[in-house]
Each structure stands twice: as structure tokens, then as C-alpha cells.
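One structure is given below, encoded as C-alpha cells.
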Amino acid sequence: MSNQNNYLPGTTFDEITHLYYFDKEIKHALFRAITEAENHIKSILSYRFAEVYNNKPYAYLDINCYDNSKTLELGWLISRLTKIINSNKKSKKNNSIKHYVKKHNDVPIWVLIDYLDFGEMNTLIKNLPVFLQNNIAKNICSFVSENIHMTAPFTPEIMISFTENIRQIRNICAHNNRLLDSKCKSDIKYYRDLHSIYGISKNSQRNNTYNVFLCLQCFLSKLQYAQLHNTIRKRISTLDNRLNTIDINTILKSLGFPNDWHINTPTLKQN
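Using UniProt numbering, read the sequence shown as starting at 1 and increasing by one per residue.
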């Protein structure tokens, strides 16, 4: 591949096929891990939200339960949540939203949360009051500390920056768009406890797939992250053995990974 995303002279059809399947397999591994991270975040979000607004029906539809300085985004969010409830309430099929509306005239946040996609969940978190964001970030720290040694606070700003770029990579994977050479809109915020381990500085580019891969440590169990790490390492090693005219480091660079990452990085224990 060249910088213009064209294949180099002499590239074989087999190599193009291997690249296609590599891109597909990496997206599959990332999407599976992101879904696991999403489930963890949703559980924490719904628990912390219900803890504060437990006695208030449909609290998530009340603008006063959010940081109401972001009125435009809040308008979209509340409209979207209302639409999700109404469409399921009117559905001919049985579902948990329909059940709770009929039996309790309320849909608890822990029921609604399963109907939100990653982007909707992320928008909800971004618009919560700071104290609630802090509570969520504190719970997320149980995953952070399981994977890395924590000395600095894992702030809501860092958490939301991470989840925003995870969301963007997730959408690439979900819509089967090309992952190679893809970039997020912004760098994720620098978190010393994570980035210093990998020689990433405040001035380093942090808007690529590699950085999303690394920050997933903050939302996965040690075992879940090890499975992701080892799967990606294996896929890169397999591709390396099948390429002749294309340098594997060109592919790694397109994802933001360091040169020879699969050679210099050991497998992680899965126990």
C-alpha cells in the first residue's frame, strides 16, 4: 500500500485478500471487546443514575436531571429517549419497556439502558451533572486498576474522551467501513498512568485505532483485555507471514501501532 491507499506494484491478489480478511477480523475483535465495555459502562451508569433519581419516574426525560447548560444536545437526547419508549410501548411484540409502562407507569433507567446504542449512552453520560459523572468514573476505576497501576485520578473528562473515540471506532466496525488508515476526530485526552506505559507523550498523536485499543483497558476486565490483545497480536502475526510485497509495518502504521508491535509485545496471560 502507498500513502494514497493504492496497492504497490507487484501486490498479489492473495495479499489483497489477506488484507481484506485482516481488516474484517480486527474489526470483529474490537467490536466484541467494545460491546463488553459498553455492557460494563451501562451497568454502572444505570446503577448510579437510579441511586440519585430512584423515586422520580422517567427522570431521564427531565432536563433538570442533567447539566442543563447544553440545551441543544439535551433536546436531542430527551427526544430520542422518548421515541425509544414510545416505539416499544406501541410495539405489537412483548418487551420490557411495554411491560413496565403497563404495570408501573414508569420505565426504570436499568430497563431503558438496554435499548440504547453506544452513542446514545455516551450522550447521556456527557450531559449528566458533574457529580454523577464523577460517581461513574469512580466505578470505572475498578477496571482501570485491574489493568494498570493507578496514581492519578481517572476524571470524567478523561473517561468521556476515551468513550467518544471508542464510539467512533465502534461505528467503523459496526458499519463494516475500512479500519486501516481511519482516524478519530480528536486525540483522546492524555492519561499518564496509561500512556506512559507505552511511551506515548502529551505531544503524541492519540486519535488512531491503537490508542482506542489501549484505552479499552479502562473498561474491560483483565481477562477480557488479554483476550482482545492476544487476538489482535495473533491476527497481525498471521498477516505478517502472508505478505510479500507489503511491509507489515505499513499496515501497523495505518492503525497507529508501533513498528513490529506483534514481535516486541508478548502475549498476555488469560487466567
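All C-beta atoms, glycine included, are put in the ideal place defined by N, C-alpha and C.
Every value quoted in this text rests on a predicted model; they were computed, and no experiment measured them.
In chain order, what residues of the same chain have a beta carbon less than 7 Å from the beta carbon of residue i, not counting five sequence neighbours either side?
{"i": "Ser221", "result": "Phe143, Glu146"}
{"i": "Gln224", "result": "Ala33, Glu36"}
{"i": "Asn5", "result": "Reliability of the predicted coordinates at Asn5 is poor, the pLDDT of 49 falling under 50, and no value is obtained from them."}
{"i": "Val101", "result": "Lys89, Val107"}
Can you tell me whether residue i is buried or exposed? The criterion is at least 16 other CB atoms within 10 Å of its CB, across all chains shown.
{"i": "Arg48", "result": "buried"}
{"i": "Thr123", "result": "buried"}
{"i": "Arg170", "result": "buried"}
{"i": "Leu72", "result": "exposed"}
{"i": "Lys27", "result": "buried"}
{"i": "Tyr60", "result": "buried"}
{"i": "Tyr191", "result": "buried"}
{"i": "Gln217", "result": "buried"}
{"i": "Ser46", "result": "buried"}
{"i": "His175", "result": "exposed"}
{"i": "Ser161", "result": "buried"}
{"i": "Phe131", "result": "exposed"}
Can you name, in chain order, every residue of its own chain whose Cβ lies under 6 Å from the Cβ of residue i, other than the five neighbours on each side?
{"i": "Ala137", "result": "Phe154, Pro156, Met159"}
{"i": "His233", "result": "Note that residue 233 is Arg in the sequence shown here, rather than His. Excluding sequence neighbours, Arg233 sits near His262."}
Take residue i and list the residues in its own chain whose beta-carbon comes closer than 8 Å to its own, dropping the five residues that flank it on each side.
{"i": "Arg242", "result": "Asp14, Glu15, His18"}
{"i": "Lys253", "result": "Asn259"}
{"i": "Leu239", "result": "His18, Leu19, Phe22, Ile248, Ile251"}
Does the Cβ-Cβ distance between residue i and residue j come in under 8 Å?
{"i": "Cys173", "j": "Phe31", "result": "yes"}
{"i": "Gly256", "j": "Tyr210", "result": "yes"}
{"i": "Asn207", "j": "Thr267", "result": "no"}
{"i": "Lys98", "j": "Asn88", "result": "yes"}
{"i": "Pro121", "j": "Ile41", "result": "The identity of residue 121 in the sequence shown is Met, whereas the question assumes Pro. Closer than 8 Å, so yes."}
{"i": "Glu38", "j": "Arg235", "result": "no"}
{"i": "Leu74", "j": "Asn127", "result": "yes"}
Is any heavy atom in the ligand NAD found nearer than 7 Å to the beta carbon of residue i?
{"i": "Asn249", "result": "Questions concerning the ligand NAD fall outside what the structure shown contains, since it holds no ligand whatsoever."}
Practice problem: Say whether the region 50 to 68 touches the region 100 to 109, bearing in mind that this needs 3 or more beta-carbon pairs closer than 8 Å, one atom from each stretch. | Solution: The region 50 to 68 vs the region 100 to 109: in contact.
Self-check item: At least three beta-carbon pairs within less than 8 Å, the region 68 to 84 to the region 111 to 119
Solution: Contact holds: three or more Cβ-Cβ distances are below 8 Å.
Quiz item: Where are the alpha helix (DSSP H) runs, 4 residues long or more, that stay fully inside the region 124 to 190, in chain order?
Solution: 130 to 147, 156 to 174
Quiz prompt | alpha helix (DSSP H) segments (min. 4 residues) lying fully within the region 196 to 255 | solution = 209 to 215, 222 to 242, 248 to 255
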